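Visitor:
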Amino acid sequence: MRHPFLVSDRLYLRRIEEKDLEGNYFQWLNDQTVTKWMRHGIFPNSSESMRAFYSSQTVSKTDVVFAIVLKEEDSHIGNIGLHAVNYFFRSAEIGVMIGEKSCWGKGYAAESISLLSQHCFNRLNLNRLAAGAVAANIGSIRAFEKAGFIREGIARQAYFCDGEYHDCVNLSLLRSEWQQGGKVEA
Numbered sequence: 001m002r003h004p005f006l007v008s009d010r011l012y013l014r015r016i017e018e019k020d021l022e023g024n025y026f027q028w029l030n031d032q033t034v035t036k037w038m039r040h041g042i043f044p045n046s047s048e049s050m051r052a053f054y055s056s057q058t059v060s061k062t063d064v065v066f067a068i069v070l071k072e073e074d075s076h077i078g079n080i081g082l083h084a085v086n087y088f089f090r091s092a093e094i095g096v097m098i099g100e101k102s103c104w105g106k107g108y109a110a111e112s113i114s115l116l117s118q119h120c121f122n123r124l125n126l127n128r129l130a131a132g133a134v135a136a137n138i139g140s141i142r143a144f145e146k147a148g149f150i151r152e153g154i155a156r157q158a159y160f161c162d163g164e165y166h167d168c169v170n171l172s173l174l175r176s177e178w179q180q181g182g183k184v185e186a
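Per my numbering: the sequence shown = residues 1 to 186.
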């Protein structure tokens with residue numbers, strides 16, 4: 001394991017490293033299948049834009065992106081981010097991307113969400129985590145729900161893709177819900 005920060009049964013989270021920008025990460029963000037339901041992918045990503053993003057992440061006080069790494073193979077399969085961290089309101093947003101298509105549907109997203117949620121509640125003393133997913137992105141919604149998140153509303157026609165507007169599902173997890181068992185042990 002290379003610089004693990006948070007560790008679960010099958011994976012670990014570590015800070016994104018500059019060398020990740022040259023690997024699969026760059027390809028994932030330019031793959032329309034991977035980015036279909038994400039804000040990325042509207043325009044091609046360049047190595048310059050990736051480096052600018054990386055530089056902004058290394059100094060940000062409110063956003064951090066982690067590499068999701070399979071322990072057994074030590075392979076980077078996706079990313080999970082903690083965004084808009086607000087220490088006054090004790091809240092943040094979580095976003096996740098499993099870029100390796102061979103890893104889709106295996107519970108890695110839910111496991112990484114659960115792992116990061118545990119850190120947010122136990123170490124960062126946050127009270128509320130929020131997430132959003134396009135309603136058609138069933139896999140993402142299921143991953144958040146498996147990790148204990150609850151649907152709290154719909155943002156109507158909030159996302160545009162393939163010539164159509166799509167609703168987005170807003171989800172959240174409160175510390176009290178998480179303490180009552182709203183977490184997975186993937």
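For each residue, glycine too, the CB sits at the ideal point set by N, CA and C. Remember, predicted model here, so these are calculated numbers, not experimental data.
Starting from Gly105, trace the alpha helix (DSSP H) both ways and give me its first and last residue.
Guide: Position 105 of the sequence shown, counting from 1, holds the residue named residue 105. No alpha helix (DSSP H) contains Gly105, which DSSP labels as neither H nor E.
Visitor: Within this structure, are the beta carbons of Trp37 and Asn170 separated by less than 7 Å?
Guide: Counted from its first residue, the sequence shown places residue 37 at position 37. Counted from its first residue, the sequence shown places residue 170 at position 170. Their beta carbons are not under 7 Å apart, which means Trp37 does not touch Asn170 by this criterion.
Visitor: Identify every residue that forms a DSSP beta bridge with Val96.
Guide: Your numbering for residue 96 matches position 96 in the sequence shown. For Val96, the pairing in a beta bridge is given by DSSP as Ile80.
Visitor: Could you tell me which whole beta strand (DSSP E) segments of length 3 or greater appear in the stretch 6-74?
Guide: 11-15 and 64-70
Visitor: By Cβ distance below 8 Å, which residues in the same chain neighbour Asn125 in space, the five residues on each side in sequence not counted?
Guide: Start at 1 with the first residue of the sequence shown, and residue 125 comes out as number 125. Within the same chain, Asn125 has close Cβ partners Arg90.
Visitor: Pop quiz: Ser112 and Ile141 are said to be a contact at Cβ under 8 Å. What is the actual Cβ separation, rounded to whole angstroms?
Guide: Within the sequence shown, residue 112 is the residue found at index 112, counting from 1. Within the sequence shown, residue 141 is the residue found at index 141, counting from 1. Going by Cβ atoms, the distance from Ser112 to Ile141 rounds to 15 Å, so no, they are not a contact pair.
Visitor: On the three-state DSSP scale, how would you describe Phe144?
Guide: Start at 1 with the first residue of the sequence shown, and residue 144 comes out as number 144. Helix, per DSSP.
Visitor: Once DSSP output is grouped into helix, strand and coil, what is the label at His119?
Guide: By one-based count along the sequence shown, residue 119 stands at place 119. In this structure, His119 counts as helix in the three-state DSSP scheme.
Visitor: So what does DSSP say about Gly181, is it helix, strand or coil?
Guide: Along the sequence shown, one-based indexing puts residue 181 at 181. Note: Gly181 maps to coil in three-state DSSP.
Visitor: If I'm right that Gly78 touches Met50 with Cβ under 8 Å, what's the distance once you round it to whole angstroms?
Guide: Locating residue 78 in the sequence shown gives position 78, where the first residue counts as 1. Locating residue 50 in the sequence shown gives position 50, where the first residue counts as 1. With a Cβ gap of about 15 Å, Gly78 and Met50 do not count as contacting.
Visitor: For Glu48, I'd like the list of residues in its chain whose CB is within less than 6 Å of its CB, leaving aside the five on either flank, ordered along the chain.
Guide: For this step, residue 48 is matched to residue 48 along the sequence shown. The answer is none, since no qualifying residue turns up.
Visitor: Run through DSSP, which three-state label would Gly139 get?
Guide: Stepping through the sequence shown from its first residue, residue 139 is reached at position 139. In this structure, Gly139 counts as helix in the three-state DSSP scheme.
Visitor: Report yes if the C-beta distance between Ala110 and Ala143 is below 7 Å; otherwise report no.
Guide: Looking up residue 110 in the sequence shown gives position 110. Looking up residue 143 in the sequence shown gives position 143. Yes, they are a contact pair.
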